[in-house]
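Q: Residue numbers -20 to -1, 1 to 248, in mature numbering (1 follows the signal peptide of the UniProt record, and there is no 0), belong to the letters of the sequence shown in order.
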Amino acid sequence: MQTRLSILFLCSFLSLHVLARPAPTSTNFQSIGSTLLSSLEQAGEQALSTLIKTATGIVTRNQVLTNGSSCATMTVLFARGTDEPGNVGLLTGPPLFEAIADYMNGTNQLAIQGVNYDASVSGFLAGGSTQGATTMAGLINMTLASCPDTTLMLSGYSQGAQVVHLATAQLPANTTSKISSVVLFGDPKNGTAVSGVDASKVLSICHAKDNICQGGDQIKLAHLSYGLGNNGSDVKMAAAFALGGMANKGITSMFMDKVAVGQKFLGS
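1. Select from SER160, THR110, LEU90 and ASN85 the residue whose C-alpha is nearest the C-alpha of SER180.
2. Taking all protein chains shown into account, decide if GLN198 is buried (16 or more other Cβ within 10 angstroms of its Cβ) or exposed.
3. Straight-line CA distance for ARG1 to VAL68?
4. Expressed to the nearest angstrom, what Euclidean distance is found between the alpha-carbon atoms of VAL39 and ALA153?
5. Alpha carbon to alpha carbon, how far is LEU45 from SER213? Give it in angstroms, no decimals.
6. Using the beta-carbon count (16 or more within 10 Å), is LYS216 buried or exposed?
7. Should PRO128 be labelled buried (16 or more other beta-carbon atoms within 10 Å of its own) or exposed?
8. With DSSP as the reference, label ILE159 as helix, strand or coil.
9. Just checking my contact of LEU119 with ALA218 at CB under 8 angstroms: how many whole Å lie between their CB atoms?
10. Taking buried to mean at least 16 other C-beta atoms within 10 Å of its own C-beta, is THR72 buried or exposed?
11. Could you give the uninterrupted runs of the alpha helix (DSSP H) lying entirely in the segment 46 to 90, keeping only those of 4 residues or more?
12. In whole angstroms, give me the CA-to-CA distance for SER205 and GLY108.
13. Less than 8 angstroms between C-beta atoms, sequence neighbours within five positions excluded: which residues of the same chain meet that for THR155?
14. Identify, in the order they occur along the chain, each residue of the same chain with its Cβ nearer than 8 angstroms to the Cβ of ASP98, setting aside the five sequence neighbours on each side.
15. Do you know offhand how far MET234's Cα is from GLN194's?
16. Quick one: Cα of SER100 to Cα of ARG41, how far?
17. Which stretch, first to last residue, makes up the alpha helix (DSSP H) that contains SER100?
18. Give me the Cα-Cα distance between ALA147 and ASN47, rounded to the nearest whole angstrom.
19. I want to check one thing, is the minimum distance from the CB of ARG60 to the heavy atoms of the ligand COA below 7 angstroms?
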């Protein structure tokens, strides 16, 4: 079963040859995503193991660990899904960061840190990596200690969402109360509260046909399309949710206007 699941989880960072190019821009990322999803739809589940061989690229973000005393207006701690590469993966993390950066008119006010953990199938089956949770809890403490005024967002995709749940459960209330927002994609624990974080600060996005966030273990296209499907509407909604409370951070009115537009995805 673990071998089968490992193959299926690898789908979460499948890419065609177009993903071999470095640092795609916001514009071509959606084009890449459309090509990938279209190819997956055409290929079907039986061809996924073949497409795995074309997956390429490692995506890693370490700005919290490498920026020293420099503090960003907003800090995002992200836990990738099972078997995704690097420490932020491919399908959900990078599109989310691009959506946030777009709202912020660039990345100079944004620090992104991936959670370094093995993201194995066995971790998913166990309810999430405990090592990943401990690592994320440490990053939360480090961020709040060194940059107490930053807007701290936690996010996770698939097993990464499990890691967020486990990490916050390790922390005292006076720490979790300082977390500005939590956004979860395809959460296997969907419907479970995030420990110590007010429900108004939590957004969990679960596609109707995503078996994983409905308590199953089947990887279907609906579980792979949070970052690149529906013209990026999920990550735009997530970015608007996370940034909606930042009017007091000195961000430009143009930025806040863009967030207001983005919040239409939330029905506000």
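Ideal Cβ placement from N, Cα and C applies to all residues, glycine included.
A: This is what the structure holds:
1. Per the Cα distances, SER160.
2. So GLN198 ends up on the exposed side.
3. Annotation note: pLDDT 36 at ARG1 (below 50); position unreliable, no value reported.
4. C-alpha separation (whole angstroms): 32 angstroms.
5. Between the C-alpha atoms of SER213 and LEU45 there is a straight-line separation of about 30 angstroms.
6. Answer is buried; the Cβ neighbour count reaches 16.
7. By the C-beta density criterion, PRO128 is exposed, having fewer than 16 other C-beta atoms within 10 angstroms.
8. Three-state DSSP puts ILE159 in coil, outside helix and strand.
9. Approximately 19 angstroms separates the beta-carbon atoms of LEU119 and ALA218; this is outside 8 angstroms, ruling out the contact.
10. Classified as buried, THR72 has 16 or more neighbouring CB atoms from the shown chains inside 10 Å of its CB.
11. Fully contained in the segment 46 to 90 are the following alpha helix (DSSP H) runs of length 4 or more, in chain order: 73 to 83.
12. Between SER205 and GLY108, the C-alpha separation is close to 21 angstroms.
13. The answer, listed in chain order, is ILE120, ASN121, LEU124 and GLY176.
14. Within the same chain, Cβ atoms closer than 8 angstroms to the Cβ of ASP98 are found at SER109, GLN111 and GLY112, the five residues on either side in sequence being excluded.
15. Residue confidence for MET234 is low, a pLDDT of 46 falling below 50, so the modelled location carries little weight; the figure read from the coordinates is stated next. Going from the Cα of MET234 to the Cα of GLN194 covers about 38 angstroms.
16. When rounded, the distance between both Cα atoms is 19 angstroms.
17. Premise fails: SER100 is in no alpha helix (DSSP H) and is neither H nor E.
18. Rounded to the nearest whole angstrom, the C-alpha separation of ALA147 and ASN47 is 23 angstroms.
19. Inclusion of the ligand COA in the displayed structure is not the case, the ligand content being empty and no account of it being possible.
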